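Read through the structure below, which is laid out as structure tokens, and then see the notes.
If you want it as structure tokens, here you go:
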């Protein structure tokens, strides 16, 4: 059992120390993942700090962050390991004629000729590491199976070499934007954490920590406007990072109080679709609010 | 927490290896309830949950809940169902256990006065029971004004006790009590009053924008009060009827299983929210399938080009990209009363993934028929287009009661020639024809010309061909008749189609 964190409350404080404001759910699941030695599957809308969570955890534990960015067409050679065939060729040529083939063939399939890729690197590292498998929903369903062995047993099987077991148990984060349903097999091996848009209090705190020189009053207004916008049915709701961009803009513009005009002029930082912008402006200008 | 349970918990903490039997039983019961609510909980997940609760302090309810959620709930849509089951199942065992039995008055009063003394001592001096309705209303108003959680909880308890009129053993659902309580509290009136108050204080009239923000703020406070009231009613009901019975009554279908034809307003809202991510997911999946599904014929030029890096040996054959085969879709939807919601969702879904089809045309009918394709063209917001369809389309011919026969006839006369061998036709409706002529020969003629004709019926299979439903008569000429009652079935069908 690994014990990176002593308890949930102190983990929360430590995260806050590196400017990541978590809540009970987030801190609780990270703590459990460490104790149970299980990976965490973090799901949620884009821009709610899923990747940042992994980065922050690696920062507070002082461990190296190894990142595997997933994309369509990701394969074994890029995720797990690859044989360094150029070096193998050179080895064969250098020894040509002088040595028995059997010796060489055994020799060229050894550690020396193995190129480690993120997953293998994470489990063969001597020091504690945090492994981040980003946007896992982008790989095809079949490729997901690549991950299963490492996620459940922390080991990689290489046909020519045998099984490589982890020297230490890395803390694994998988993030997903939920563009497709992940397989049951993958989900079963992970703890599940859904990170949603923060509530108004937390959002205000986040704005206060991340935007220097912002007044408490303005941060409060920012959080409120964003909450109102999120209640409208839109194609894409403003994410936390967009909220921060907006707050920074307002500070740069020297705005002290958000009124209708400032909101109208700067709303394109929060919303990225023209239809959303029109709809939000129309909605915000009516005092009655949306019917639920 | 009751004494016996406390002891069991202590045991479990002290000896993590041999975890106590009571807590195992407790957890097992909980998982049975989760499964009954439709959540897929596998055996490994069950074991994980048991491992997990060894590591969290059991007296911390919130952490305990998250520990269970992280191991047992692997889908965000299931969170609400989990929460309900959790609140019911662990309610008697929670820190407010003592309030559940018959001598409720005393502990309740204690509970009540504590927050009262902190926040508004003079208001509460007389104790909860002696409050007049006016005083209670005043307290409610103040608690919302300040956004004081503790005080809101107190008000919620008082209000339920006073207004819900709960009687032990009475077989009514929680919503009935909720309705009675809310009616007496008149939250809309309170909201207006809060806003007026705000304006008077500000002096100068605030802009619409500011008013809107203010309203949202109060609305969210009122929502949290309503949650408190619901929780209170649930707590009392559980105390009255027991966990099992309550878990059963409160069991609600998961969003993907909600029946289109019988969805409540609240469920409709959640369906509307669910449909957008669903379409995104479906589009991504279809696109992927198309790209990876097959390989085209050998691309000679690229193969030779690639062979150069192998010294002229064509070691790596290259293939042409397959030409995507995209069907053309005609949607013919009944939008009369009962099935309107179903038509709305289906149109929404089809247009959201219209990139997957070479052409989509849509027609709506009641007893007359109208083409509405133009309403979707160049529109970014599908919701709005669907709304326009429901209000502007010219679909009433005589009396506004469904007449499938006449609608089909109009379609055949006007648009029948547009049907080609690449056209897939989807007909949406319950085929309740009000005893008009069926004109099913049109369907037969259609299916001869078109690639496929599918009939989607939002009614459960067992209701087909009862009363004035004549779906069977149409079905014999269709390539397939599908029961599509919820999002899950709709998603499955559309994927099958594309």
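Residue numbers (my numbering), protein chains in the order written: chain A, 78 to 369; chain B, 593 to 1090. We treat Cβ as the ideally placed atom computed from N, Cα and C, and that holds for glycine. This structure is a prediction, so every number in the text was calculated from the model and none was measured.
Please confirm whether residue 658 of chain B has its beta-carbon closer than 8 Å to some beta-carbon of chain A.
Here the question's residue 658 of chain B lines up with position 66 in the second chain. Interface residue, yes.
Keeping to the same chain, check which residues put their C-beta closer than 6 Å to that of residue 232 of chain A; ignore five residues upstream and five downstream.
Along the first chain, read from residue 1 onward, the residue named residue 232 of chain A stands at position 155. Excluding sequence neighbours, residue 232 of chain A sits near 240, 242.
For residue 82 of chain A, does the three-state DSSP call read helix, strand or coil?
Against the first chain, residue 82 of chain A aligns to sequence position 5. Per DSSP, reduced to three states, the secondary structure at residue 82 of chain A is coil, with no helix or strand assignment.
For residue 992 of chain B and residue 863 of chain B, I'd like the C-alpha separation in whole angstroms.
Working through the second chain from its first residue, we reach residue 992 of chain B at position 400. Working through the second chain from its first residue, we reach residue 863 of chain B at position 271. In a straight line, the C-alpha of residue 992 of chain B is about 27 Å away from that of residue 863 of chain B.
Quick check on residue 250 of chain A: buried or exposed, where buried means 16 or more other Cβ atoms within 10 Å of its Cβ?
Locating residue 250 of chain A in the first chain gives position 173, counting from the first residue. Buried is the call here.
Is residue 119 of chain A close to chain D, meaning its C-beta is less than 8 Å from at least one C-beta of that chain?
Of the chains in the structure shown, none is chain D; the protein chains are A and B.
Please confirm if residue 789 of chain B has its CB atom under 8 Å from at least one CB of chain A.
Within the second chain, residue 789 of chain B is the residue found at index 197, counting from 1. False, the Cβ-Cβ gap to chain A never drops below 8 Å.
Give every residue of the same chain whose Cβ lies closer than 8 Å to the Cβ of residue 1086 of chain B, excluding the five residues on either side of it in the sequence, and list them in chain order.
By 1-based counting over the second chain, the position of residue 1086 of chain B is 494. Counting only Cβ-Cβ distances below 8 Å, and skipping sequence neighbours, we find 874, 941, 942, 945.
Residue 164 of chain A CB to nearest chain B CB: under 8 Å?
Taking the first residue of the first chain as 1, we reach residue 164 of chain A at position 87. It does not: the Cβ of residue 164 of chain A has no partner Cβ on chain B nearer than 8 Å.
Buried or exposed (CB count within 10 angstroms, at least 16 for buried), residue 115 of chain A:
The residue given as residue 115 of chain A occupies position 38 in the first chain. Counting the other CB atoms within 10 Å of its CB gives residue 115 of chain A a total of 16 or more, which places it among the buried residues.
Which of the three DSSP states, helix, strand or coil, is assigned to residue 951 of chain B?
Sequence index remark: in the second chain, residue 951 of chain B carries index 359 (1-based). Reduced to three states, the DSSP call for residue 951 of chain B is strand.
Between the Cα of residue 348 of chain A and the Cα atoms of A:182, A:362, A:307, A:336, which residue gives the shortest distance?
On the first chain, position 271 is the one that residue 348 of chain A refers to. Ranked by Cα distance from residue 348 of chain A, the first of A:182, A:362, A:307, A:336 is A:307.
Pick out the complete beta strand (DSSP E) segments inside the stretch 138-206 of chain A, 3 residues or longer, and give them in chain order.
141-146, 158-160, 191-193
Under the rule that 16 or more other beta-carbon atoms within 10 Å means buried, what is residue 1077 of chain B, buried or exposed?
Position 485 of the second chain, counted from the start, is the residue given in the question as residue 1077 of chain B. Its Cβ being crowded by 16 or more others within 10 Å, residue 1077 of chain B is buried.
For residue 173 of chain A and chain B, any beta-carbon pair shorter than 8 Å?
Reading the first chain from its first residue, position 96 is the one you call residue 173 of chain A. No, no contact with chain B.
So that I know if they touch, is there some Cβ in chain B lying closer than 8 Å to that of residue 221 of chain A?
Locating residue 221 of chain A in the first chain gives position 144, counting from the first residue. Not closer than 8 Å to any Cβ of chain B, the Cβ of residue 221 of chain A fails to qualify, so no.
DSSP state of residue 363 of chain A, grouped into three classes?
The residue labelled residue 363 of chain A in the question sits at position 286 within the first chain. Coil at residue 363 of chain A, not helix or strand.
Would you say residue 343 of chain A faces chain B, with C-beta separation under 8 Å as the test?
Position 266 of the first chain holds residue 343 of chain A. Chain B contact via Cβ: absent.
Hey, quick one: how far does the beta strand (DSSP E) through residue 120 of chain A stretch, first residue to last?
For the purposes of this step, residue 120 of chain A is taken as the residue at position 43 of the first chain. That run of the beta strand (DSSP E) goes 117-120.
From the DSSP secondary-structure annotation, give me the bridge partner or partners of residue 249 of chain A.
Taking the first chain and counting its residues from 1, the one referred to as residue 249 of chain A is at position 172. A:208.
Just the Cα atoms here: how many angstroms apart are residue 360 of chain A and residue 198 of chain A?
Counted from its first residue, the first chain places residue 360 of chain A at position 283. Counted from its first residue, the first chain places residue 198 of chain A at position 121. C-alpha separation (whole angstroms): 51 Å.
Contacting residues, own chain, Cβ-Cβ under 6 Å from residue 372 of chain A (five flanking each side not counted):
No statement about residue 372 of chain A is possible, as the shown extent of chain A runs from 78 to 369 and does not include it.
Report back the beta-carbon spacing between residue 191 of chain A and residue 157 of chain A to the nearest angstrom; my notes put them in contact at under 8 Å.
Numbered from its first residue, the first chain carries residue 191 of chain A at position 114. Numbered from its first residue, the first chain carries residue 157 of chain A at position 80. Actually they do not touch by this definition, with Cβ atoms about 10 Å apart.
Cα separation between residue 920 of chain B and residue 961 of chain B?
Your numbering for residue 920 of chain B matches position 328 in the second chain. Your numbering for residue 961 of chain B matches position 369 in the second chain. Answer to the nearest angstrom: the Cα atoms are 20 Å apart.
With a cut-off of 8 Å, does the C-beta of residue 662 of chain B fall near any C-beta of chain A?
As a working mapping, residue 662 of chain B is identified with position 70 in the second chain. So, interface residue.
I need the boundaries of the beta strand (DSSP E) containing residue 270 of chain A, first residue and last residue.
Position 193 of the first chain holds residue 270 of chain A. Counting along the chain, the unbroken beta strand (DSSP E) around residue 270 of chain A starts and ends at 268-271.
Tell me which same chain residues have a C-beta within less than 7 Å of the C-beta of residue 227 of chain A, skipping the five on either side of it?
Looking up residue 227 of chain A in the first chain gives position 150. Here the set comprises 196, 200, 233.
Does any residue of chain A bring its CB to less than 8 Å from the CB of residue 876 of chain B?
Translated into the one-based positions of the second chain, residue 876 of chain B becomes position 284. By this cut-off, residue 876 of chain B is an interface position.
Show which residues of chain A have a CB atom less than 9 Å away from the CB atom of residue 1095 of chain B.
Because chain B here runs from 593 to 1090, residue 1095 of chain B falls outside it and cannot be looked at.
Please look up how many angstroms separate the CB atoms of residue 770 of chain B and residue 822 of chain B, rounded, as I've assumed it's under 8 Å.
In the second chain, the residue the question calls residue 770 of chain B occupies position 178. In the second chain, the residue the question calls residue 822 of chain B occupies position 230. Indeed they touch by this definition, with Cβ atoms about 6 Å apart.
Anything in chain B within Cβ reach of residue 292 of chain A, meaning under 7 Å, just list it in chain order.
Mapped onto the first chain, residue 292 of chain A falls at position 215. Under the 7 Å cutoff, chain B gives no residues; its nearest Cβ is about 17 Å from residue 292 of chain A.
What did DSSP end up calling residue 619 of chain B once you bin it into helix, strand or coil?
The count along the second chain starts at 1 and reaches residue 619 of chain B at position 27. If DSSP states are grouped into helix, strand and coil, residue 619 of chain B belongs with the helices.
Roughly how many angstroms separate the alpha carbons of residue 325 of chain A and residue 288 of chain A, rounded to a whole number?
The sequence position of residue 325 of chain A within the first chain is 248, counting from 1. The sequence position of residue 288 of chain A within the first chain is 211, counting from 1. Their backbone Cα atoms lie some 6 Å apart in a straight line.
Could you name the residues that DSSP lists as bridge partners for residue 232 of chain A?
One-based indexing of the first chain puts residue 232 of chain A at position 155. DSSP lists A:242 as partners of residue 232 of chain A.
DSSP three-state call for residue 963 of chain B: helix, strand or coil?
Numbered from 1 along the second chain, position 371 holds the residue referred to as residue 963 of chain B. Residue state, collapsed to three classes: strand.
On the criterion of 16 or more Cβ atoms from any shown chain inside 10 Å, does residue 854 of chain B qualify as buried, or is it exposed?
For the purposes of this step, residue 854 of chain B is taken as residue 262 along the second chain, with counting starting at 1. Flag for residue 854 of chain B reads exposed.
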